[in-house]
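Colleague: This is the structure I have questions about; it appears just below.
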Amino acid sequence: MGRKLLTIAVVGLSLMFSGCAATPSGNGTDTQEPTQTFDPSLIPTAPDADALAVDAKIFDNGFGEYTFKIAGGPTWCTLNTEEKFAVCEQNEADATYDPLTVPGSCKLSYGYQFKLTSTKGSQINCASGLYADPSQAQTLNPGETVTVGDITCFVVDVTARCDNKAGHYIVLGPEVWALG
296 MGRKLLTIAV
306 VGLSLMFSGC
316 AATPSGNGTD
326 TQEPTQTFDP
336 SLIPTAPDAD
346 ALAVDAKIFD
356 NGFGEYTFKI
366 AGGPTWCTLN
376 TEEKFAVCEQ
386 NEADATYDPL
396 TVPGSCKLSY
406 GYQFKLTSTK
416 GSQINCASGL
426 YADPSQAQTL
436 NPGETVTVGD
446 ITCFVVDVTA
456 RCDNKAGHYI
466 VLGPEVWALG
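Under the numbering used here, the sequence shown is numbered contiguously, ending at residue 475.
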């Protein structure tokens, strides 16, 4: 009985953590990147000149990651120090932009979880669930920035943007998303 339970648990965890990802930006493989047109004013380009750099320690979730909620919005982001990436996400019901065309290789949720690596590009994850639980996360407010390693994130209104030093970025909010 214990062996069956262990097997079921392993299979269940494997399915829970499995997923696929859209082609990273700039990769040029056969998966076409999704596109939508948004009002450019909805896509943050830089933090305010007088933005306050917040100490990342207040967002430390105790697992080598830093998770923050976006003030007044449904989005949250996690910065991973070990694997050097940022993931911004929100629940599907909170997105007001048009649903993205799901790649044929993705049988899960698509268009609500965006990933940026510190040295490579950005991508939209095909996800089987949330990457992080934002329920206990502190809030990053408009006019504040947080930097972990080579990734800096900031908030404009209810939209988050994270940039790496290589010039790539992700943007996610209830009305807009962008990869670059």
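Even glycine gets a Cβ: it sits at the ideal position worked out from N, Cα and C.
All of these numbers come straight from a predicted model, not from anything done at the bench.
Here's the rule: buried if 16 or more other CB atoms are within 10 angstroms of the residue's CB, otherwise exposed. What is T414?
Modeller: Exposed.
Colleague: Between the region 358-377 and the region 448-464, do three or more beta carbon pairs fall short of 8 angstroms?
Modeller: These segments touch.
Colleague: If you compare alpha carbons, which of A344, P339, A341, P469 is closest to Y407?
Modeller: Residue P469 is the option with its Cα nearest to Y407.
Colleague: Compare the Cα-Cα distances from Q385 to each of K364, D393, V397 and report the closest residue.
Modeller: That would be K364, whose Cα lies nearest to the Cα of Q385.
Colleague: With C448 as the anchor, note down where its beta strand (DSSP E) starts and where it stops.
Modeller: Start and end: 446-451.
Colleague: Who are the near neighbours of A461 in its chain, counting only those whose CB is closer than 7 angstroms to its CB and skipping five residues on each side?
Modeller: Contacts found: T414.
Colleague: Could you give the distance in angstroms between the alpha-carbon of G367 and the alpha-carbon of V453?
Modeller: Distance between the alpha carbons of G367 and V453 is about 6 angstroms.
Colleague: Rounded to a whole number of angstroms, what is the C-alpha to C-alpha distance between S423 and S404?
Modeller: Each residue's alpha carbon lies about 6 angstroms from the other.
Colleague: Below 7 angstroms CB to CB, which residues in the same chain sit around P429 once its five sequence neighbours on both sides are set aside?
Modeller: T362, K364, W371.
Colleague: Would you mind sorting E377 into buried or exposed? The rule is 16 or more other CB atoms within 10 Å of its CB.
Modeller: By the 10 Å Cβ count, E377 comes out exposed.
Colleague: Hey, would you say G475 sits closer than 8 angstroms to L347, going by beta carbons?
Modeller: No, Cβ-Cβ distance for G475 and L347 is not below 8 angstroms.
Colleague: Take T330 as the anchor and find which of S400, I419, A351 has the nearest alpha-carbon.
Modeller: It is I419 whose Cα lies nearest to the Cα of T330.
Colleague: Work out the CA separation of L395 and V471 for me, nearest whole Å.
Modeller: Distance between the alpha carbons of V471 and L395 is about 12 angstroms.
Colleague: Keeping to the same chain, check which residues put their C-beta closer than 6 angstroms to that of L467; ignore five residues upstream and five downstream.
Modeller: The residues are T370, C383, F409, A455.
Colleague: To which residues of the same chain is T391 closer than 6 angstroms at the C-beta, ignoring the five residues directly before and after it?
Modeller: Within the same chain, T391 has close Cβ partners P469, E470.
Colleague: To the nearest angstrom, how far is it from the Cα of A473 to the Cα of I338?
Modeller: So the alpha carbons of these two residues sit roughly 7 angstroms apart.
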